[in-house]
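Colleague:
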Amino acid sequence: MILYVTRHGETDYNAQGRYSGSTDVPLNETGIRQAKELAKKLSVVKFDVVVSSPMLRARQTADIVCDVLNMDYIIYPQFAERNVGVYEGLTRAEIIKHYPDLWARKCTSQLDDAPTGGETIRQACARIDEGMGKLKREYPDKTVLLICHGFTSRAVNRYCNNITIEEMASSSLKNCEIVKYII
16 MILYVTRHGE TDYNAQGRYS GSTDVPLNET GIRQAKELAK KLSVVKFDVV
66 VSSPMLRARQ TADIVCDVLN MDYIIYPQFA ERNVGVYEGL TRAEIIKHYP
116 DLWARKCTSQ LDDAPTGGET IRQACARIDE GMGKLKREYP DKTVLLICHG
166 FTSRAVNRYC NNITIEEMAS SSLKNCEIVK YII
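Going by the working numbering, the first residue of the sequence shown is number 16, and it counts up by one from there.
1) Skipping 5 residues on each side, what residues in its chain have a beta carbon closer than 7 Å to that of R169?
2) Classify N29: buried if its beta carbon has 16 or more other beta carbons within 10 angstroms, exposed otherwise.
3) Compare the C-alpha of C175 against each of I162, K195, E181 and name the closest.
4) Provide the residue(s) that pair with R107 in DSSP beta bridges, ordered along the chain.
5) If K149 sits next to Y91, beta carbons under 8 Å apart, how far is it from one beta carbon to the other, in whole angstroms?
6) Where does T167 fall in DSSP's three states?
7) Spatial neighbours of T76 within its chain, please: C-beta separation below 6 Å, excluding the five flanking residues on both sides.
8) Any idea what DSSP makes of L117, helix, strand or coil?
9) For A54, is the classification buried or exposed, using 16 other Cβ atoms within 10 angstroms of its Cβ as the cut-off for buried?
10) Cβ of I89 within 7 Å of Cβ of V66?
11) Is the Cβ-Cβ distance between I143 and T167 less than 7 Å?
12) Rank Q125, P115, G146, V171 by C-alpha distance to the C-alpha of R137 and give the top, closest one.
13) Out of G133, I17, A129, N172, state which residue places its alpha-carbon closest to the alpha-carbon of F62.
14) Can the beta-carbon of S37 be found less than 7 Å from the beta-carbon of N98?
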């Protein structure tokens with residue numbers, strides 16, 4: 016399978032440095048413009064299938080891209096962004112101010128300790144791994160576009176490069192950045 020992975024266009028939360036997580040925030044004007052530019056770049060690739068996260072910002076990006084590609088897309092719930100619980104909608108500074116003990120725990124045990132109401136990194140990676148397994152089974156010799164999120168893209172990179180969760184990069188794709196994997 017040839018897999019192209021991209022992150023959704025910018026949202027106001029992205030622009031403000033806020034954790035979006037499972038909050039369904041829409042693209043802003045910059046994000047819409049980014050998605051249109053992404054669609055032009057991707058128009059030279061012959062995709063067999065386009066897969067999107069179920070979250071609004073990813074679906075809006077998929078709508079714009081698929082309009083140019085003249086394709087429909089499929090929703091895979093496994094590729095939703097990591098639920099970060101009480102951190103959602105807050106900046107890092109706000110989290111440290113309002114949840115200092117929780118943030119300190121996150122910094123020492125982030126793999127197995129979730130923000131209140133959220134997912135651990137291991138839980139989110141297991142969900143995303145399930146989605147990757149499904150993609151590989153259903154589209155083994157196809158060219159696939161996956162439109163997802165920051166954390167999700169890091170987990171996909173971990174899966175495709177067969178690295179451990181502990182080795183997973185802390186930096187994610189920029190909005191509408193593209194990476195290609197052959198798996």
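Ideal placement from N, C-alpha and C gives every residue a C-beta, glycine not left out.
Bear in mind that the values here come from a model prediction, so they are computed numbers and not experimental data.
Modeller: With the structure as the only source:
1) M183, A184, S187
2) buried
3) K195
4) According to DSSP, which records beta bridges pairwise, R107 is partnered with nothing at all.
5) 7 Å
6) helix
7) H23, G24, A50, I162
8) helix
9) buried
10) yes
11) yes
12) Q125
13) I17
14) yes
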